[in-house]
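Residue numbering for the sequence shown follows our numbering, beginning at 88 and increasing consecutively.
These notes concern the structure reproduced below.
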Amino acid sequence: MYPDHTPRPLTARAVEVHHPTPLTPAVAVPAPVVPVQPNTVPAVASIVLPDGRVVTGYAINPAQPEPTSAKPPVSRTAVNVALGGLGFLAMCGGLILLTSFIAALTAFITQLITLAAVIFGGWIAVQIFSASGHQGGTTVNIRKATFKRNHFHS
88 MYPDHTPRPL
98 TARAVEVHHP
108 TPLTPAVAVP
118 APVVPVQPNT
128 VPAVASIVLP
138 DGRVVTGYAI
148 NPAQPEPTSA
158 KPPVSRTAVN
168 VALGGLGFLA
178 MCGGLILLTS
188 FIAALTAFIT
198 QLITLAAVIF
208 GGWIAVQIFS
218 ASGHQGGTTV
228 NIRKATFKRN
238 HFHS
């Protein structure tokens with residue numbers, strides 16, 4: 088078939104026929120006796136081939152794969168990425184709160200400075216403008232004063 092799944096056109100080909108060659112029976116040689124522990128004797132299996140021959144041998148157990156430890160349902164990498172994302176999210180929220188707190192504190196300090204400037208400026212203005220119209224109090228003009236024995240005489 089072609090890649091687009093259309094059938095190929097039929098062509099005449101030479102047909103090759105393969106015939107199996109028969110095996111000659113081997114001379115039966117007794118197998119060497121191998122000492123085996125009594126509890127570990129493997130099972131012996133015999134197979135009858137289609138031509139009537141019998142093949143006897145030990146059954147080979149298929150190789151068992153190494154037992155693997157049970158994998159957790161979620162990989163550790165995924166858990167670490169998720170926890171890192173949560174930590175980053177919490178940090179961003181904390182930074183937003185921190186910047187909001189700093190902005191509010193800056194505004195509060197600015198208002199305190201402005202209030203102090205207004206109050207102090209008003210007090211200075213009162214001192215300046217009230218000095219020219221000084222009323223009340225005692226005015227002393229010393230023109231001809233004499234000091235005798237550390238006593239003031241006018």
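Don't be surprised by glycine CBs; every beta carbon is placed ideally from N, CA and C.
Endpoints, the beta strand (DSSP E) within which residue i is located
{"i": "T143", "result": "141-145"}
Collapsed DSSP secondary structure at residue i in the structure displayed
{"i": "S133", "result": "strand"}
{"i": "S156", "result": "coil"}
{"i": "A212", "result": "helix"}
{"i": "A190", "result": "helix"}
{"i": "L110", "result": "coil"}
{"i": "S162", "result": "coil"}
{"i": "A150", "result": "coil"}
{"i": "V104", "result": "coil"}
CB contact flag (residue i, residue j, <7 angstroms)
{"i": "S133", "j": "T143", "result": "yes"}
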